[in-house]
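S.K.:
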Amino acid sequence: MGLILSIESSCDDSSIALTDSKTLQLVAHKKVSQELEHSRYGGVVPELASRMHAVALPKLLEGFKPYFKDIEAVAVTTHPGLSVSLHEGVIMAKAVAALLEVPIIGVNHLKGHIYSLFIEKEVQLPMLVLLLSGGHTQLLMVKEYNDITVLATTIDDSVGEAYDKVAKMLGLGYPGGPIIEKMAKRGDAKRFTLPIPMQNSALVAFSLSGLKNAVRLQIEALEKSGEMSEQDKCDIAAAFERSVLLHLLQKSKRVFKKVNAKDFAIVGGVSANAYIKSGFEKLCGEFGMKMHEVDLRFTSDNAAMIGRAAVESLRGGDFDTIDTLKVGATKQLQVGSKLQ
Ligand code: KG4
Ligand code: ZN
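Numbering (my numbering), first residue to last: 1 to 340.
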């Protein structure tokens with residue numbers, strides 16, 4: 001059996017998985033989330049994340065020892081992400097690859113999110129993919145593993161980041177996305193009028209910071225007239241979610257009209273959001289496109305998606321060595337550029 005041991009540590013999740021490179025079976029998958037520890041700070045603290053990876057990853061690796069003899073390659077997320085966190089995974093990956101004398105594969109975290117669509121499945125490409133995570137908001141044309149082009153990107157905050165910041169402003173926990181989604185279900189989206197970002201602009205780009213500021217002003221206005229009630233918070237969450245969805249739909253629609261795609265998917269942490277997914281299901285219906293979904297177990301950061309992406313590198317004979325593998329730079333991708 002040829003197994004890929006994959007490691008993910010780009011943000012606040014420590015995760016290790018084993019993927020059979022021939023059958024694509026996910027043989028094992030373990031993840032330790034640090035959400036609770038970061039929640040009291042209202043966001044991820046890099047130094048804390050790195051220290052926690054240093055404790056969690058070796059402990060997780062212990063459980064994978066029985067498989068060591070069957071490992072044919074080690075894969076690890078190299079970029080983008082928090083460099084102090086990425087280093088923890090990369091150091092461990094190099095140590096294991098050296099010990100087992102197997103090749104090492106560096107994986108782009110964003111490609112990992114895209115290939116989370118194909119865990120235990122063969123690829124189905126080309127596909128238009130909207131990547132919505134804590135660090136990224138991008139509409140991508142995915143033709144194959146090494147041919148992924150950025151069609152639209154955010155000019156300021158990412159969607160996940162906006163959810164997290166709005167949750168923080170409302171005094172809710174971290175990560176904000178699931179909490180806001182839950183509260184929005186009990187809210188009246190029409191009670192507050194929040195702007196739909198860039199709705200009169202022809203630019204195909206995403207922007208969340210103006211909306212976030214509008215939420216801030218609304219909260220300040222409510223606080224002036226007394227303490228905010230639970231219902232006030234639910235109504236703000238609902239209005240915020242509505243503006244986010246309408247913004248994403250308006251801008252994506254422009255791209256849907258231009259490119260002739262049959263398949264579409266949302267990936268990344270925010271793709272767990274049922275409200276956003278249902279809005280896009282309707283849009284796909286209008287365009288006769290099929291919408292694909294990531295299994296809810298794999299929407300947030302995990303090593304299973306890194307292992308699945310690494311299968312493509314292995315198939316292409318594309319390896320790194322212990323000397324060449326490095327933590328990559330995290331830079332904002334421009335429209336027209338390709339994911340590396
Ligand atoms: O992909 P991910 O796990 O990590 C990054 O690569 O950044 O995404 C995390 C983000 C967080 O901002 C979190 O609030 C958001 O995904 N998120 C959600 C939901 N679940 C997670 N946002 C909206 N609705 C959700 N249900
Ligand atoms: Zn991610």
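A virtual CB, placed ideally from N, CA and C, is assigned to each residue, including glycine. Model, not experiment: these values are computed from the prediction.
Whole angstroms are fine: how far does the CA of Leu222 sit from the CA of Leu48?
M.R.: Answer to the nearest angstrom: the Cα atoms are 35 Å apart.
S.K.: Using 8 Å for Cβ pairs, my map puts Lys182 next to Tyr145. What's the rounded Cβ distance?
M.R.: About 36 Å separates the two Cβ atoms, so there is no contact after all.
S.K.: What span of residues does the alpha helix (DSSP H) with Met169 cover, start to end?
M.R.: Its alpha helix (DSSP H) spans residues 159-169.
S.K.: When DSSP builds the beta bridges, which residues end up paired with Ile4?
M.R.: Answer is Thr19, Ala73, bridged to Ile4.
S.K.: Rounded to the nearest angstrom, what separates Ser225 and Ile179 at their Cα positions?
M.R.: In a straight line, the C-alpha of Ser225 is about 25 Å away from that of Ile179.
S.K.: Using a strict less-than 5 Å threshold between each residue's beta carbon and the heavy atoms of the ligand ZN, what residues do you get?
M.R.: Result (chain order): Ser133, Asp301.
S.K.: Give the secondary structure of Ala95 by DSSP, where H, G and I count as helix, E and B as strand, and everything else as coil.
M.R.: Helix.
S.K.: Heavy atom of the ligand KG4 less than 7 Å from the Cβ of Asn273, yes or no?
M.R.: Answer for Asn273: yes, Cβ within range of the ligand KG4.
S.K.: What whole-angstrom Cβ distance do Asp157 and Ser209 have, given they're in contact under 8 Å?
M.R.: That belief holds up - the Cβ atoms of Asp157 and Ser209 are roughly 5 Å apart, short of 8 Å.
S.K.: For Lys212, I'd like the list of residues in its chain whose CB is within less than 6 Å of its CB, leaving aside the five on either flank, ordered along the chain.
M.R.: Cβ neighbours of Lys212 beyond the five flanking positions: Ala162, Lys165.
S.K.: From Tyr275 to Glu101, what distance separates their C-alpha atoms?
M.R.: Between Tyr275 and Glu101, the C-alpha separation is close to 47 Å.
S.K.: Taking the alpha-carbon positions, what's the Gly177 to Leu60 distance?
M.R.: Each residue's alpha carbon lies about 27 Å from the other.
S.K.: Around the Cβ of Ala184, are there at least 16 other Cβ atoms within 10 angstroms (buried) or fewer (exposed)?
M.R.: By the 10 Å Cβ count, Ala184 comes out buried.
S.K.: Exposed or buried, Lys233, counting other C-beta atoms within 10 Å across all chains shown (16 or more means buried)?
M.R.: Buried, since its Cβ has 16 or more Cβ neighbours within 10 Å.
S.K.: DSSP on His136, reduced to helix/strand/coil?
M.R.: Three-state DSSP puts His136 in coil, outside helix and strand.
S.K.: Is the Cβ of Ser201 closer than 8 Å to any Cβ of chain C?
M.R.: Looking for chain C here will not work: only one protein chain is present.
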